[in-house]
Each structure stands twice: as structure tokens, then as C-alpha cells.
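With our numbering as the guide, the letters of the sequence shown map in order to residues 5 to 104.
Where a beta carbon is used, it is the ideal one built from N, C-alpha and C, also for glycine.
From a predicted model like this one, the values you see are computed outputs, not experimental measurements.
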Amino acid sequence: MGKLVNFYTIVLVVILLATIILTAGCGCLRQACQPYGPRVTGDGTGGAIAIYEDIKGSNQHDFYVQKISPDGNALWGEKGVLIGSGYKECDSFHELHIVG
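If you want it as C-alpha cells, here you go:
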């Protein structure tokens, strides 16, 4: 039962993260950008940690990490914490993995 609950928690976090990103989180509806590549893992306390990439053009890539509380609230601000910016600096994002 515990693994099933964790699965549903992760699904809920992914849906929540997608909602934040597509509405106010990265301003995608106001700017030509597309966030993708979210990775989510449980934090061991019922919450989750998520990372995602926000692409605002061919040369502007921003990478964020966000902590989600067990009740689904984003704890590290609207967009999360910027962990990298710029295509060259973050080119290896697709090889970044959350260990959990």
C-alpha cells in the first residue's frame, strides 16, 4: 500500500508542477518558452523534490529545483530555486538524475 500511495503522490506532484509551469510558474503563456524534462522523486517525508528546464528560446535555458510539501504546496517560491542558466552551462541537464 505504501508504494501505491507514493506513486499517487508523485503523480499528483507532476500534475501540480505542470499546472504551476503552464499558468504562472514560468510565464510560458506570456513568453515563448517551453518547460520540459521534469524529474520528480519523493523526499521520504511525503513531499517531493522536482527539477525542470525552462526554455525561453534557442539560447536561454533555465534549470530549477522545487520542493513540494506533502499537501502539494510549492515551498521554494513560485518557480523554485534557479540552479543553472544558459545553454552552455546546463547542456548536461538530460544526464542529471534525482537519487531517491
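Where residue i falls: helix, strand or coil (DSSP)
i: residue 70; result: strand
i: residue 88; result: strand
i: residue 49; result: coil
i: residue 58; result: strand
Check whether residue i and residue j have beta carbons under 7 Å apart
i: residue 90; j: residue 70; result: no
i: residue 50; j: residue 74; result: yes
Nonlocal neighbours in the same chain, by C-beta distance under 6 Å from residue i, ignoring five residues either side
i: residue 55; result: 43 and 69
i: residue 80; result: 70 and 71
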